[in-house]
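Below: one structure, written as structure tokens.
Residue numbers (my numbering), protein chains in the order written: chain E, 1 to 480; chain D, 1 to 262.
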């Protein structure tokens with residue numbers, strides 16, 4: 001919601017305006033916002049409540065309060081599936097399946113996984129073998145149990161999976177699914193991804209899982225900086241472009257078919273579009289000057305980018321082939337790094353140096369109503385969350401010689417301008433990008449010594465390194 | 001003295017101001033009456049009559065929304081909403097004949113001696129079920145009610161639909177609803193001057209595909225910004241996820257309450 005609009009509404013409420021009236025005003029004024037991210041918000045509130053402003057977090061010690069902030073996570077037990085066939089391949093495939101399922105559920109960020117060491121010794125393979133008491137009481141004390149059987153016959157897999165609410169003996173079944181796929185490691189992993197996504201979809205409130213999403217990034221391990229892709233968990237890393245110069249800031253289109261990036265030609269930096277389906281470059285108009293940081297509108301029909309074709313670097317918008325070019329910002333310092341509001345497509349956040357150090361600004365998609373959202377320091381790389389509520393950004397809040405702190409990923413609630421710092425572990429953290437479910441953020445960090453890709457939950461927990469070889473930067477998570 | 005004598009011998013000079021004075025006072029009194037009748041015309045004559053030609057429309061409502069009770073209990077069974085439990089009728093004790101007829105000496109047939117039970121045991125009361133939940137072992141949401149708390153503020157909800165057992169049959173879905181609403185309740189929208197408020201009740205439907213519709217304020221807290229934040233918490237949600245596939249109804253009605261305390 002628009003900040004000015006909101007404060008106006010709040011003022012109206014405090015004047016004891018008729019409730020129905022206020023509601024009508026509100027109903028017309030605010031687009032219905034999307035589902036939100038729990039932990040982040042609760043964290044923001046938590047900080048605000050206990051007066052531990054995140055500004056204090058630049059000091060060496062910092063505290064994250066978590067208990068009693070709201071709804072607890074569901075305690076989920078995922079028992080190893082039971083093999084139903086004696087095929088010699090079965091143990092290997094079953095292990096791949098079990099590991100993938102566990103990782104997917106553990107990474108989802110909405111479950112408290114019950115450690116396997118607490119499980120009863122006889123794991124169930126089908127519903128009749130479930131002993132509710134054994135699972136619902138301590139030590140496992142689980143609310144939910146995922147179990148099933150796994151069979152490999154010839155070259156096909158047959159998997160039955162169930163999800164049971166073990167504390168609800170009366171009607172325990174939440175899910176019952178059957179899957180078949182080829183009897184390969186990939187097939188086993190695919191089934192595990194699908195079953196995990198189904199569980200996350202059910203228990204996560206209708207938000208699809210991200211197990212089949214991709215992350216695009218820049219890597220120099222082939223000698224040149226080229227665009228690479230990998231699965232969300234870091235597996236299956238492969239090179240996408242083979243341009244042979246320097247390619248930066250990849251952005252995948254909302255439908256996942258085209259990849260826009262900026263690449264150095266003989267004369268200038270130009271925006272290029274690569275079709276992931278055709279495996280070749282498709283046409284995009286060359287503008288001359290320096291063209292950087294493309295971004296897709298949520299409808300996939302427009303691309304915004306920064307261009308210095310008119311002298312100073314400004315934000316331009318064009319259609320998907322580069323035609324129909326319009327300038328959105330004017331003069332006064334460089335404007336770069338646009339990102340659309342992924343929920344509405346009606347706003348653009350960008351970085352501008354018009355007041356000196358770079359700061360984040362927002363504007364309507366037609367270039368009107370420019371507003372500054374960061375108050376100080378050095379703020380770059382805005383990334384708008386899928387629900388439109390948050391901006392993730394890289395913020396060096398106390399920028400300057402000898403200043404404490406570092407370049408860290410922060411999260412800002414656009415409407416209220418409340419923000420919270422997500423990374424605290426040193427190094428230079430930059431280029432955050434949201435997962436499609438809005439629960440994860442992928443970013444680039446140099447905490448391990450060199451630039452690598454990391455992911456974390458959107459509340460800053462569960463930090464994981466995805467890439468290890470070469471130097472990898474500027475990750476971009478696919479839209480679905 | 002000549003001057004004095006002159007004054008007393010001129011009666012006309014006193015008469016003229018007297019006339020002015022009478023006229024002036026009469027005018028003032030007249031104006032007061034006129035003002036009284038003009039200004040009071042709207043209310044005075046209309047009392048109790050409900051207006052004549054230009055009548056105010058009065059709609060009779062079957063129930064008047066009364067303010068919520070000031071003392072709020074955290075007992076989920078003792079809130080303003082209808083519960084699931086029904087009170088058992090008191091078992092009726094057998095009526096004792098209070099008089100034993102005196103045997104009639106004249107009659108041939110002797111009446112059989114009436115025996116009365118010395119003590120009639122009342123029917124055993126059904127044992128009350130304990131609703132205590134051992135710490136850390138809470139089962140599924142029992143009944144259709146549940147609560148959540150978040151940073152001092154609390155919420156709770158009830159489900160209607162599926163014959164009243166939606167909450168027990170699909171406890172996992174109830175938990176999803178609870179989780180999503182509490183996530184989306186942004187308390188910074190509430191007027192910062194408010195530290196505590198009455199409970200606000202919001203009702204909405206969940207359609208089969210999981211969308212909340214028909215969001216309405218059932219009972220206001222008296223704090224507009226709190227009412228608004230509660231309604232927005234629901235409106236902000238795109239979907240709760242599709243209703244359980246084996247649930248037969250087309251929608252579920254949810255009543256959600258929010259307690260705010262800073």
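Glycine included, C-beta positions come from ideal geometry on N, C-alpha and C.
Against residue 195(E), what residues of chain D qualify as contacts under a CB-to-CB distance less than 8 Å, listed in chain order? Going along chain D, no residue has its Cβ under 8 Å from residue 195(E), so there is no contact; the nearest lies around 16 Å.
How many Å lie between residue 167(E) and residue 225(D) at the Cα? 38 Å
Would you call residue 280(E) buried or exposed, if buried means 16 or more other Cβ atoms sit within 10 Å of its Cβ? exposed
For residue 329(E) versus residue 350(E), is the C-beta spacing smaller than 9 Å? Yes, they are a contact pair.
So with CB distances below 9 Å, who are the chain E contacts of residue 168(D)? 168, 170 and 171
Within chain E, partners of residue 176(D) - CB distance below 7 Å: By Cβ distance, chain E contributes 203 and 205.
Verify the CB distance criterion: does residue 480(E) have a CB-CB separation below 9 Å to chain D? With 9 Å as the cut-off, residue 480(E) does not count as an interface residue toward chain D.
Thinking residue 436(E) and residue 210(E) are a contact (beta carbons under 8 Å), I'd like their distance in whole angstroms, please. With a Cβ gap of about 6 Å, residue 436(E) and residue 210(E) count as contacting.
Is there at least one non-hydrogen atom of the ligand ZN closer than 8 Å to the beta-carbon of residue 235(D)? Ligands displayed in this structure: none; no statement on the ligand ZN is therefore possible.
Starting from residue 201(E), trace the alpha helix (DSSP H) in both directions and tell me its first and last residue. 185-203
Kindly indicate which three-state DSSP category residue 236(D) falls into: helix, strand or coil? coil
Any C-beta of chain D within less than 9 Å: which residues of the region 366-378 of chain E qualify? Within the region 366-378 of chain E, no residue has its Cβ closer than 9 Å to any Cβ of chain D.
Beta-carbon within less than 7 Å of residue 355(E)'s beta-carbon, same chain only, minus the 5 sequence neighbours each way: which residues are those? none
Using a 10 Å radius around the Cβ and a threshold of 16 neighbouring Cβ atoms, would you call residue 332(E) buried or exposed? Counting C-beta atoms within 10 angstroms of its own C-beta, residue 332(E) has fewer than 16 neighbours from the protein chains shown and is therefore classed as exposed.
By how many angstroms is the C-alpha of residue 316(E) removed from the C-alpha of residue 269(E)? 15 Å
How far does the beta strand (DSSP E) with residue 228(E) in it extend, from its first residue to its last? Here the beta strand (DSSP E) through residue 228(E) covers 226-231.
Secondary structure of residue 185(D), DSSP reduced to three states: DSSP places residue 185(D) in coil when its eight states are reduced to three.
For the region 112-131 of chain E against the region 210-220 of chain E, are there 3 or more C-beta pairs whose distance is under 8 Å? no
What is the C-beta distance between residue 479(E) and residue 215(E), in whole angstroms, given that I count them as a contact (C-beta under 8 Å)? The Cβ separation is near 12 Å, so there is no contact.
Which listed residue (262(D), 186(D), 99(D) and 257(D)) has its alpha carbon closest to that of residue 195(D): 262(D)
Out of 327(E), 364(E), 381(E) and 397(E), point me to the one whose CA is closest to residue 352(E)'s CA. 381(E)
Measuring straight from C-alpha to C-alpha, what distance separates residue 466(E) and residue 422(E)? 18 Å
Which value, in whole angstroms, describes the spacing of the CA atoms of residue 375(E) and residue 320(E)? Approximately 34 Å, taken between the alpha carbons.
Residue interval of the beta strand (DSSP E) (run including residue 476(E)): Counted as a single uninterrupted DSSP element, the beta strand (DSSP E) harbouring residue 476(E) occupies residues 472-477.
Looking at the secondary structure, which residues open and close the beta strand (DSSP E) in which residue 243(D) lies? Per DSSP, residue 243(D) belongs to no beta strand (DSSP E) and is neither H nor E.
Going by other Cβ atoms of all chains shown within 10 Å of its Cβ, with 16 needed for buried, is residue 372(E) buried or exposed? By the 16-neighbour rule on beta-carbons within 10 angstroms, residue 372(E) is exposed.
Amino acids of chain E, ordered along the chain, whose beta-carbon sits closer than 8 Å to that of residue 171(D): Ordered by position in chain E, the residues that pass the 8 Å Cβ test against residue 171(D) are 165, 167 and 168.
Residue-level contact to chain D via CB, residue 416(E), 9 Å cutoff: yes
CB contact check: residue 144(E) to chain D, cutoff 9 Å: yes
Residue 130(E) CB to nearest chain D CB: under 9 Å? no
Buried or exposed: residue 313(E), going by 16 or more other Cβ atoms within 10 Å of its Cβ? buried
Could you name each continuous beta strand (DSSP E) segment of 3 residues or more that falls completely within the region 77-119 of chain E, going from the start of the chain to the end? 111-113
Using a Cβ cut-off of 9 Å, which residues of the region 408-433 of chain E contact any Cβ in chain D, in chain order? For the region 408-433 of chain E, the beta-carbon criterion of a distance under 9 Å to any beta-carbon of chain D is satisfied by 413, 415, 416 and 418.
Would the beta-carbon of residue 201(D) fall within 9 Å of that of residue 256(D)? yes
Measure from the C-beta of residue 249(D) to each C-beta in chain E and report whether the shortest distance is under 9 Å. no
By Cβ distance, which residues of its chain are closer than 7 Å to residue 6(E), with the 5 residues on each side in sequence left out? Confidence is the limiting factor: at residue 6(E) the pLDDT is only 42, short of 50, which leaves the residue's position unreliable and the question unanswerable from this model.
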